[in-house]
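Engineer: After the structure tokens below, expect a handful of questions from me.
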Amino acid sequence: MASSRCSLSSQLLLGLFFIFLIMGSTLGDPETEERINRVCRQMEEFGFCSQTFHENLKGPTDYVRLTQIAKVEAIINATRTLRYITKLLAFVSDPALKNNLIVCENAYDIMNKAFLEGIKYFFQRDYRSMVNAERIAPRAEASCSVIFGTPPERSSPLVERNREMRILIAMALVSASYIAS
């Protein structure tokens, strides 16, 4: 009985050791952490930026991989938000709110297309064209954010989604600036 407990404890410790070893290679890599910090310090919310990168890391990485992570996450966010807006539009009867959501639907469509075009250039390693394709994204996001503040004012059902998108756009453009120059 004591030997089986000892064996189980040894297996648990060995498992934890490997988890820390793997995590340490990802989280403890000073160059990767410095790259993440350099990008995320320029964001409106450091924590969201850092968490997004860390959740998608598979090991030590460079600015190219950080750029890819930011772009993929931006595409995922834009696509999900477009679906969400479409669902909202099906149930909204208030004309002003419906108009605001249509503005946001158009904005997210622009952002989605910009990042899809950008990712095409990314995989061709044409980083300047990638950045140029995505330059429209901040303005498109802003059009969705500010529309709810224009009369007649409505509370936005997209506040959190817009905040995340704004940060993802900035992450993509800032990380890309390190590889496009």
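Numbered per mature numbering (1 follows the signal peptide of the UniProt record, and there is no 0), the sequence shown spans residues -28 to -1, 1 to 153. Even for Gly, the Cβ is constructed at its ideal location relative to N, Cα and C.
Is the beta carbon of Glu35 sitting closer than 7 Å to the one on Ser153?
Structural biologist: Checking the displayed sequence, the identity of residue 35 turns out to be Tyr instead of Glu. Not a contact, by the Cβ cut-off of 7 Å.
Engineer: Got a sec, what are the start and stop residues for the alpha helix (DSSP H) residue 176 sits in?
Structural biologist: Past the boundaries of the shown model lies residue 176; the chain is included only from -28 to 153, so the question cannot be answered.
Engineer: Assign Met15 to one of three DSSP states: helix, strand, or coil.
Structural biologist: Three-state result, Met15: coil.
Engineer: If I follow the unbroken alpha helix (DSSP H) through Glu45, where does it start and stop?
Structural biologist: That run of the alpha helix (DSSP H) goes 35 to 63.
Engineer: Measure the alpha-carbon distance for Asn67 versus Arg126 and round it to whole angstroms.
Structural biologist: A small correction: the amino acid at residue 67 is Pro; Asn does not occupy that position in the sequence shown. Going from the Cα of Pro67 to the Cα of Arg126 covers about 11 Å.
Engineer: My guess is that Leu54 and Tyr80 are in contact by the Cβ rule of under 8 Å, so how many angstroms apart are they, rounded?
Structural biologist: Rounded, the Cβ-Cβ distance is 5 Å, consistent with contact.
Engineer: Just how far apart, CA to CA, sit Lys43 and Phe18?
Structural biologist: Near 17 Å, if we compare the C-alpha coordinates of Phe18 and Lys43.
Engineer: Should Gly31 go down as buried or exposed, given a rule of 16 or more other Cβ atoms within 10 Å for buried?
Structural biologist: Its Cβ having fewer than 16 others within 10 Å, Gly31 is exposed.
Engineer: For Glu3, I'd like the list of residues in its chain whose CB is within less than 7 Å of its CB, leaving aside the five on either flank, ordered along the chain.
Structural biologist: These residues qualify, in order along the chain: Pro32.
Engineer: Looking at the structure shown, is Ala142 part of a helix, part of a strand, or coil, going by DSSP?
Structural biologist: Helix at Ala142.
Engineer: Would you call Val103 buried or exposed, if buried means 16 or more other Cβ atoms sit within 10 Å of its Cβ?
Structural biologist: Buried, by the Cβ-count rule.
Engineer: Within 10 angstroms of the Cβ of Ala144, are there 16 or more other Cβ atoms? Answer buried if so, exposed if not.
Structural biologist: Per the 10 Å Cβ criterion, buried.
Engineer: Any idea if Arg97 is buried or exposed, counting beta-carbon neighbours within 10 angstroms, 16 or more meaning buried?
Structural biologist: Exposed.
Engineer: Using only CA atoms, which one of Asp1, Glu136, Leu29 lies nearest to Ile47?
Structural biologist: Answer by Cα proximity: Glu136.
Engineer: Relative to the alpha-carbon of Asn134, which residue among Ala109, Tyr150, Pro123 has its alpha-carbon at the smallest distance?
Structural biologist: Comparing Cα-Cα distances from Asn134 to each of Ala109, Tyr150, Pro123, the minimum goes to Ala109.
Engineer: Please classify Ser65 as buried or exposed, where buried requires at least 16 neighbouring CB atoms within 10 angstroms.
Structural biologist: The residue is exposed, with fewer than 16 neighbouring Cβ atoms inside 10 Å.
Engineer: In angstroms with no decimal places, state the Cα-to-Cα distance between Gly121 and Thr58.
Structural biologist: One C-alpha to the other measures close to 21 Å.
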